[in-house]
Structures are given as structure tokens and as C-alpha cells.
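**Q** Structure provided below as C-alpha cells; questions to follow.
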Amino acid sequence: MLSLPADRHKALFLRDGPKMPLSDMSFQTYKMGMYVDSEVRDIIKDITALDKELKKKKKVLNKVITKLKMDEDMLDTILNTGDQPRTQHE
Numbered sequence: 008m009l010s011l012p013a014d015r016h017k018a019l020f021l022r023d024g025p026k027m028p029l030s031d032m033s034f035q036t037y038k039m040g041m042y043v044d045s046e047v048r049d050i051i052k053d054i055t056a057l058d059k060e061l062k063k064k065k066k067v068l069n070k071v072i073t074k075l076k077m078d079e080d081m082l083d084t085i086l087n088t089g090d091q092p093r094t095q096h097e
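With positions in the sequence shown counted from 1, the corresponding number in this note's numbering is that position plus 7.
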């Protein structure tokens with residue numbers, strides 16, 4: 008892995024493309040030693056934004072599921088405490 012001090016090199020040069028400032032790279036990308044062009048970085052940003060949105064929607068969905076389970080339990084309780092099935096006596 009390539010290791011350069013950030014204060015010494017403020018920008019890294021791609022082999023076949025323009026320079027990319029260190030501040031524009033995600034930590035994971037820097038850690039992995041992969042330096043990508045702006046188009047790939049834009050795609051990564053879009054995926055990250057979609058991932059955050061998906062996590063928010065999943066959280067809301069889990070709350071709805073929990074509420075529905077509570078409603079189902081309450082309904083079962085109401086139905087079970089009503090008229091109990093009567094046994095026939097001979």
C-alpha cells in the first residue's frame with residue numbers, strides 16, 4: 008500500500024488521469040490504496056446516499072412491523088378474553 012504524508016503531498020496523481028485531492032477521497036478508499044477518478048467517486052457518493060436512505064426506510068419499516076405485532080397481540084388478547092368456548096355437559 009502506498010503511504011504518503013498528507014502535509015507533504017496535498018494531491019495524488021493518477022497514472023492515467025487528473026490529480027485528486029486527499030480531502031475528496033473516502034477514508035476506506037485511501038486505506039485500501041485505491042485512487043479513483045471523479046466519475047467513480049460520484050458513483051460511490053450516490054451509492055452511499057442511497058444506502059443511508061435505505062437504512063432510514065428500514066428503520067421506519069421496523070417500527071411499523073413492531074406496531075403491527077403489538078396490534079396483533081392486543082387483538083389476540085381481546086379475542087381470547089371474550090366468550091370462552093363452553094364445554095358441553097352430558
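Even for Gly, the Cβ is constructed at its ideal location relative to N, Cα and C.
(1) What's the call for residue 18, buried or exposed, on a 16-neighbour Cβ count within 10 Å?
(2) Alpha carbon to alpha carbon, how far is residue 62 from residue 69? Give it in angstroms, no decimals.
(3) Whole angstroms is fine: what's the gap from residue 57's alpha carbon to residue 86's?
(4) In chain order, what are the residue ranges of uninterrupted beta strand (DSSP E) at least 3 long that sit wholly in the region 37-84?
**A** According to the data block:
(1) Looking up residue 18 in the sequence shown gives position 11. Note that residue 18 has pLDDT 45, beneath the 50 cutoff, so the model's placement of it is unreliable and the number below is only indicative. Exposed, since its Cβ has fewer than 16 Cβ neighbours within 10 Å.
(2) If you number the sequence shown from 1, residue 69 lands on position 62. If you number the sequence shown from 1, residue 62 lands on position 55. The alpha-carbon atoms of residue 69 and residue 62 are separated by roughly 10 Å.
(3) One-based indexing of the sequence shown puts residue 57 at position 50. One-based indexing of the sequence shown puts residue 86 at position 79. Those two C-alpha atoms are separated by around 43 Å.
(4) none
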